[in-house]
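Below you'll find the structure, written out as structure tokens, and then a few comments.
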Amino acid sequence: MKALILVGGYGTRLRPLTLSCAKPLVEFGNKPMLLHQLEALVEAGATHIVLAVSYRAEQMEQEMRIMEQKNIHFIISAGPLSLASEHLTKDNEPFFVLNSDVICDFPFKQMVQFHKHHGKEGTIVVTKVEEPSKYGVVVYDAENGRIHNFVEKPQEYVSNKINAGMYIFNPSILKRIPLKPTSIEKEVFPFMAKDNDLYAMELQESITMDPSAKIGHNCRIGPNVTIGPNVVIEDGVCIKRCTVLKEAHLKSHSWLDSCIVGWKCSVGSWVRMENVSVLGEDVTVKDELYINGGRILPHKSIAVSVPEPQIIM
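Printed below as a string of structure tokens:
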């Protein structure tokens with residue numbers, strides 16, 4: 001099979017981690033996100049992988065030289081899916097498409113089986129969220145996966161499943177996409193759903209932990225947590241929907257939800273962090289603080305709470 005990874009983008013939501021590193025090269029579990037994706041695609045049988053690069057292309061190519069033997073092609077593109085059509089349609093077989101910032105237990109083999117079973121034009125992977133009113137949600141038939149429609153930030157409950165950024169398409173989808181910058185989520189998917197040609201497969205929750213990490217007693221880890229090498233998590237810590245990078249230290253009874261803890265960070269005891277807080281490298285958060293959506297630049301020491309989302313320089 002073939003695959004297209006959408007590598008473009010500035011990674012603004014991952015700052016300050018992406019101030020010095022392209023988003024797909026940020027490490028999770030001691031490997032760049034992109035390398036996790038490439039290895040999983042190759043294991044699932046992908047033999048021809050296209051990286052659609054529009055930002056820091058030279059850095060991307062240099063870092064990915066170790067995968068050259070896997071037949072990876074780089075393209076520079078503002079409309080990557082349509083411009084990559086010549087690479088994706090040679091054998092008229094379905095192909096993968098995924099965003100470069102997805103990290104999970106990639107269900108590529110299951111996606112292929114599901115896609116072949118329903119036999120339609122497209123499959124998207126969806127994931128469950130606790131607050132669907134913050135997202136565009138996917139409304140679909142839970143029995144067979146057929147997507148009915150999409151609802152942007154619903155005020156009343158219609159679904160708690162959102163697009164997870166992984167797809168399988170038949171080559172015929174390229175006829176729907178004009179040769180210009182196009183949002184397939186907004187300009188293509190609704191029409192596919194209307195034609196009964198788009199199906200959803202739910203992503204299962206996961207925990208990825210490096211064997212060198214040390215976890216204390218009475219901790220609650222998960223769902224959807226990635227813990228890197230030599231991380232220390234003390235007793236009574238609760239973390240969910242988080243990534244903890246290499247050599248970070250979470251002290252006792254800290255509570256983290258939807259956060260990224262950068263390399264060599266220290267999070268104090270009884271700290272509460274949430275709302276996509278991101279700590280750059282070597283940040284220290286003192287004991288008993290509340291961090292709400294804080295983006296804290298590298299090498300900072302935080303001694304007061306951050307009650308509202310802001311950048312700490």
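Position one of the sequence shown corresponds to residue 1 (the UniProt record's numbering), numbered consecutively onward. Ideal Cβ placement from N, Cα and C applies to all residues, glycine included.
Tell me which residues share the same chain as residue i and place their Cβ nearer than 8 Å to its Cβ, disregarding the 5 neighbours each side in the sequence.
| i | result |
| --- | --- |
| A164 | V102, C104, I124, V125, V126, T127 and L203 |
| Q155 | S133 |
| H148 | V139, Y140, D141 and A193 |
| N196 | K120 and R146 |
| E288 | G268, S269, W270 and V271 |
| H118 | N144, G145, R146 and Y199 |
Could you check if residue i is buried or exposed, using at least 16 other CB atoms within 10 Å of its CB as the buried criterion?
| i | result |
| --- | --- |
| M111 | buried |
| K116 | exposed |
| S301 | exposed |
| Q113 | exposed |
| K153 | exposed |
| I311 | exposed |
| S172 | exposed |
| R295 | buried |
| A303 | exposed |
| R220 | exposed |
| Y167 | buried |
| V306 | buried |
| P16 | buried |
| L179 | exposed |
| P211 | exposed |
Helix or strand or just coil, what does DSSP make of residue i?
| i | result |
| --- | --- |
| E152 | strand |
| F191 | helix |
| I207 | strand |
| K161 | strand |
| M33 | helix |
| S77 | Confidence at S77 is low in this model, with a pLDDT of 46, below 50, so the placement of that residue is unreliable and no value is reported for it. |
| A248 | coil |
| S172 | helix |
| H48 | strand |
| V278 | strand |
| A40 | helix |
| I147 | strand |
| Y133 | Note that residue 133 is Ser in the sequence shown, not Tyr. Note: S133 maps to helix in three-state DSSP. |
| E202 | strand |
| F106 | coil |
| E234 | coil |
| M1 | coil |
| L256 | strand |
| V7 | coil |
| V271 | coil |
| I311 | strand |
| K214 | strand |
| residue 322 | Since the first residue shown for the chain is 1 and the last is 313, residue 322 is missing from the structure and cannot be characterised. |
| I227 | strand |
| E185 | helix |
| K240 | strand |
| V112 | helix |
| K120 | coil |
| L98 | strand |
So the candidates are the options; which of them puts its Cα closest to the Cα of residue i?
| i | options | result |
| --- | --- | --- |
| W270 | K251, I260 and K264 | K251 |
| G236 | A40, N218 and T243 | N218 |
| V232 | V244, G222, F106 and N224 | V244 |
| N144 | A44, E39 and M201 | M201 |
| K134 | I162, P107 and K109 | I162 |
| V7 | V97, V139 and E308 | V97 |
| S100 | V50, E130 and E93 | V50 |
| G280 | W255, H299 and L289 | H299 |
| I5 | G136, V129, E274 and H48 | H48 |
| K90 | N170, D282, V304 and P178 | N170 |
| E185 | G136, C238 and C242 | G136 |
| N292 | V283, V278 and D282 | V278 |
| N275 | P307, T208 and S258 | S258 |
| L34 | T284, F106, R15 and P229 | F106 |
| E121 | V285, L174 and S159 | L174 |
| M209 | G268, I227, E288 and G216 | I227 |
| V283 | I168, S183, L38 and M313 | M313 |
| E93 | S212, A46 and K31 | A46 |
Which same chain residues end up closer than 6 Å to residue i when comparing Cβ atoms and leaving out the 5 residues on each side of it in sequence?
| i | result |
| --- | --- |
| L88 | K2 and F95 |
| A248 | V231, V261 and C265 |
| K214 | V232 |
| E205 | P223 and N224 |
| L256 | I239, C242 and M273 |
| P309 | G293 |
Which same chain residues end up closer than 7 Å to residue i when comparing Cβ atoms and leaving out the 5 residues on each side of it in sequence?
| i | result |
| --- | --- |
| F189 | F150 and L198 |
| F108 | A40, L41, A44 and F96 |
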